[in-house]
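Peer 1: Input: one structure, supplied below.
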Amino acid sequence: MILIADSGSTKCDWILMDSQGKQVFSQTTIGINPLNTSQNKIESILLEISEVSKKRNLINEVHFYGAGCNTEASNQKVKSSFQSILKNLTVINIEEDIIAAVHATTKTPAVIVILGTGSNCCYFDSKKIIQYAPSLGYLLADEGSGNYFGKELLKSFYLQKMPSSLAKEFETKFGSNLEQLFYNLYDLRQPNAYLASYAFFMFQHRNHPFIERMLYYGIKVFIDNYLTLYSKELENNPIHFVGSIAYYSQDIINKILLDKGFTAKSFIKKPINNLINHIISTRNTLQKTI
Numbered sequence: 101m102i103l104i105a106d107s108g109s110t111k112c113d114w115i116l117m118d119s120q121g122k123q124v125f126s127q128t129t130i131g132i133n134p135l136n137t138s139q140n141k142i143e144s145i146l147l148e149i150s151e152v153s154k155k156r157n158l159i160n161e162v163h164f165y166g167a168g169c170n171t172e173a174s175n176q177k178v179k180s181s182f183q184s185i186l187k188n189l190t191v192i193n194i195e196e197d198i199i200a201a202v203h204a205t206t207k208t209p210a211v212i213v214i215l216g217t218g219s220n221c222c223y224f225d226s227k228k229i230i231q232y233a234p235s236l237g238y239l240l241a242d243e244g245s246g247n248y249f250g251k252e253l254l255k256s257f258y259l260q261k262m263p264s265s266l267a268k269e270f271e272t273k274f275g276s277n278l279e280q281l282f283y284n285l286y287d288l289r290q291p292n293a294y295l296a297s298y299a300f301f302m303f304q305h306r307n308h309p310f311i312e313r314m315l316y317y318g319i320k321v322f323i324d325n326y327l328t329l330y331s332k333e334l335e336n337n338p339i340h341f342v343g344s345i346a347y348y349s350q351d352i353i354n355k356i357l358l359d360k361g362f363t364a365k366s367f368i369k370k371p372i373n374n375l376i377n378h379i380i381s382t383r384n385t386l387q388k389t390i
């Protein structure tokens, strides 16, 4: 059987298929990011997936795409976690989430953008991925992402920049306990996912001018800092957007792109369904024998 996973820091989508490529199970769990998720935690998440636990001896192939899977050490942590639980693995493929975004959107040259819990950008020339700037993570960058907007919301609330009517709703939903906030930010293992959890509030209040301005500014900063690095590639190639922030901000993104003379070709909320088609059609080239 074949296990496929597409993971951000907030959530991970799993699909289990039989050897013929027929889907037999799907589930969403909390996210796995090897930069702040321990091997023990990864293993416990795997065991909590009932079908994976029951069919662990039948699963012989894994394709895992995840945020933070961009170093040998991170990839080895994920690989070891799978090998510890799935004893009959013969094929395992660990890739960064930007690879998933590429595989889910195009086989031809294009610029691909991720705006989810984090943010990222690359150019795919139909053979290899080219990045002119690295993904610097939630502490240094991630403009336009869920965790970026979480920080902006929290700052605007505690610095009393948020309009009073909106601030009341924010406090009703999240409270205003600074001790709890600092615990979640500095003591928990995934502060980026915690910050991104606030982004849902933004999309519940999309029509509020304050939220619209915040979204517009955050996305524009990302486009100005990262997407414009690919201006030459964008002269002849399309842009694909992946991730929930991008999906729910299509109108804002299209407006900013139009002002710069660019056009988005597609917006994909969840890459995993497209990944299935890619993996089935290119299994032989994707396989990495243990």
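So the sequence shown is numbered by our numbering: it starts at 101 and just counts up by one.
The C-beta atom is built at its ideal place from N, Cα and C for all residues, glycine as well.
Quantities reported herein were computed from a predicted structural model and do not represent experimental measurements.
(1) Put residue 106 into one of helix, strand or coil per three-state DSSP.
(2) Restricting to runs no shorter than 3 residues, where is the beta strand (DSSP E) found entirely within the segment 144-229?
(3) Evaluate the contact criterion for the segment 277-286 versus the segment 315-329: three or more CB pairs, one atom per stretch, below 8 Å.
(4) Between 264, 349 and 311, which lies nearest to residue 368 when the distance is taken from Cα to Cα?
(5) Does DSSP classify residue 118 as helix, strand or coil?
(6) Closest to residue 316 by CA distance: which of 104, 351 and 279 is it?
(7) Tell me the DSSP secondary structure of residue 369 in three-state form.
(8) Quick check: what's the CA-CA separation for residue 200 versus residue 314?
(9) Would you tell me roughly how many angstroms separate the C-alpha atoms of residue 217 and residue 183, rounded to the nearest one?
(10) Going by Cα to Cα distance, which pick from 160, 381 and 212 is closest to residue 363?
(11) Could you spell out the range, first to last residue, of the beta strand (DSSP E) harbouring residue 123?
(12) Have a look at residue 220 and residue 136 and give me their C-alpha separation to the nearest angstrom.
(13) Using DSSP with H/G/I as helix, E/B as strand and the rest coil, what is residue 113?
Peer 2: Here's the rundown:
(1) strand
(2) 161-166, 191-196, 210-215 and 219-224
(3) no
(4) 349
(5) coil
(6) 351
(7) coil
(8) 28 Å
(9) 27 Å
(10) 212
(11) 123-130
(12) 18 Å
(13) strand
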